[in-house]
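Protein chains in written order, with numbering that gives the first Met the number 0: chain F, 0 to 255; chain S, 0 to 99.
Every residue, glycine too, gets a C-beta built ideally from N, C-alpha and C.
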Amino acid sequence: MADQKLKDALFEYLVRLGDDHLILGQRVSECTGHAPMLEEDLALSNVALDMIGQARVLYAYAGEVEGSGRDEDMLAFMRKEHEYHNLMLVEKANKDFAHVVVRQLFFSVQAELLWEALGVSTDKTLAAIAAKAAKEANYHIRHSGEWVIRLGDGTEESAARLMDALHTMAPYIEEMFDNDEVTDLLVEHGIAVEPSSLRASWREKVSEILNLARVDTAILDAVPVKGARSGKHTESMGHILSELQYMQRTYPGCQW
Amino acid sequence: MSDTNQNIKTTPLWEVFIRPRNGLSHKHCGSIHAADAELAIQAARDVYTRRGEGNSIWVIPSAEIVASDPQDQDELFDPAEDKIYRHPTFYDIPEEVGHM
Numbered sequence: 000m001a002d003q004k005l006k007d008a009l010f011e012y013l014v015r016l017g018d019d020h021l022i023l024g025q026r027v028s029e030c031t032g033h034a035p036m037l038e039e040d041l042a043l044s045n046v047a048l049d050m051i052g053q054a055r056v057l058y059a060y061a062g063e064v065e066g067s068g069r070d071e072d073m074l075a076f077m078r079k080e081h082e083y084h085n086l087m088l089v090e091k092a093n094k095d096f097a098h099v100v101v102r103q104l105f106f107s108v109q110a111e112l113l114w115e116a117l118g119v120s121t122d123k124t125l126a127a128i129a130a131k132a133a134k135e136a137n138y139h140i141r142h143s144g145e146w147v148i149r150l151g152d153g154t155e156e157s158a159a160r161l162m163d164a165l166h167t168m169a170p171y172i173e174e175m176f177d178n179d180e181v182t183d184l185l186v187e188h189g190i191a192v193e194p195s196s197l198r199a200s201w202r203e204k205v206s207e208i209l210n211l212a213r214v215d216t217a218i219l220d221a222v223p224v225k226g227a228r229s230g231k232h233t234e235s236m237g238h239i240l241s242e243l244q245y246m247q248r249t250y251p252g253c254q255w
Numbered sequence: 000m001s002d003t004n005q006n007i008k009t010t011p012l013w014e015v016f017i018r019p020r021n022g023l024s025h026k027h028c029g030s031i032h033a034a035d036a037e038l039a040i041q042a043a044r045d046v047y048t049r050r051g052e053g054n055s056i057w058v059i060p061s062a063e064i065v066a067s068d069p070q071d072q073d074e075l076f077d078p079a080e081d082k083i084y085r086h087p088t089f090y091d092i093p094e095e096v097g098h099m
């Protein structure tokens, strides 16, 4: 019985991480063909591919853990909205380039801390996934961080857009550091890392970057919005899924 | 608001050189636009190393490149063509030395 409970918790944890990466990857991929310059079109497409790649490995492992025959495709495409447990942060729209890089910065600083900690997970598969993902997260921080600095320390317009983006994303920060019974159980077994333990380092790293961007870090202290780990979403989620799931829903099992 | 065209700054062009994984020298592979050096390195990485092309990047502002004038080709390079004594091709290399 305890074994089943642990298995369920691990499955849930993997799906959460998979969903974070799938939805963020989907959002960033919307920039392809629409970035402000050619180089960024490639850079953002690369980020999206990194995200989707990580989602695939996580879902594949989750499917194995669950053991009911669901593979990565079924988990990625064939669930209902409330069954996705991604952070609300990753659903936020690509209003402009500033929104894209702020969302990425907030997520990737957390992701890198998470992957580093999971590198010593007692679950060997998860530790291996973490080792590879950490390198990608490192680069995402570098890319988005440098842009946040340049937008903040740039023109009046770029600074204004950066502030708008920070205002939009700040309420979704706290949710990244919430613990619950799922994480508690996995932390007990040395499998997962406690989300709240990452908060301080996250704050430090992001503050460093905001200081260089000449932005007051007080902007990070917004009233938090929560609920995603239990399946609540922003109004964007339905739209995201209708695009993401369209082909599989229309032609179930289609391949090319 | 800027009033004249002279005040508009354009994003600089940079030439990109990549050293392949098992290679010895950086080869020119193209160019990118970037506002500064750090972004230039990132742009080069994102645009020119997607398929594992290399493990080292050089970027140089295109404006820094000094190139020989194609019109001067004759005077710069023709004189070397008939000086075969400059080529090390008149030695018999023993087999034991191997390919040089």
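Between residue 57(F) and residue 84(F) the beta-carbon gap is near 12 angstroms, outside 8 angstroms, which marks them as no contact.
For residue 81(F), not one C-beta of chain S is nearer than 8 angstroms to its own C-beta.
Chain-order list of chain F residues neighbouring residue 46(S): 38, 41, by C-beta distance under 7 angstroms. In this structure, residue 140(F) and residue 108(F) form a Cβ contact; the two beta carbons are roughly 6 angstroms apart against a cut-off of 8 angstroms.
For residue 242(F) and residue 34(S), the gap between their C-alpha atoms comes out near 35 angstroms.
Residue 89(F) is not a Cβ neighbour of residue 6(F), given a cutoff of 8 angstroms. With respect to chain S, the C-beta atom of residue 84(F) has no partner C-beta closer than 8 angstroms.
Residues of the same chain with a CB within less than 8 angstroms of the CB of residue 51(S), apart from the 5 flanking positions on each side, are 20 in chain order. Between the region 122-136 of chain F and the region 29-43 of chain F there are fewer than three inter-stretch CB-CB distances shorter than 8 angstroms, so the stretches are not counted as touching. Annotation: residue 200(F) is outside any beta strand (DSSP E); the continuous alpha helix (DSSP H) that includes it extends over 198-211.
Shown here, residue 146(F) sits in a helix according to DSSP, grouped into three states. Under the three-state reduction of DSSP, residue 19(S) is assigned to coil, being neither helix nor strand. Here the region 146-156 of chain F does not lie against the region 194-201 of chain F, with fewer than 3 beta-carbon pairs under 8 angstroms apart.
Collapsing the DSSP output to three states places residue 67(F) in coil.
Taking a C-beta distance under 8 angstroms as the contact criterion, residue 104(F) and residue 67(F) do not qualify as a contact pair.
Taking C-beta atoms under 8 angstroms as the contact rule, residue 25(S) and residue 67(S) fail to qualify, at a distance of about 19 angstroms. In its chain, beyond the 5 residues on either side, 16 have a beta carbon closer than 6 angstroms to the beta carbon of residue 27(S). Within its own chain, no residue has a Cβ closer than 6 angstroms to the Cβ of residue 250(F) once the five positions on either side in sequence are excluded. Annotation for residue 160(F): 95, 97, 150 place their beta carbon closer than 7 angstroms to its own, counting only its chain and skipping 5 residues before and after.
Per DSSP, residue 94(F) lies in no beta strand (DSSP E) and is assigned neither H nor E.
Of all residues in the region 139-150 of chain F, those with a C-beta nearer than 9 angstroms to a C-beta of chain S are 141, 142, 145, 146, 149, reading in chain order. Between the alpha carbons of residue 197(F) and residue 61(S) lies a distance of about 43 angstroms. The shortest C-alpha to C-alpha distance from residue 9(S) to any of 79(S), 41(S), 32(S), 72(S) is the one to 32(S). Ranked by how close their Cα comes to the Cα of residue 13(S), the residues 22(S), 30(S), 23(S) have 30(S) in first place.
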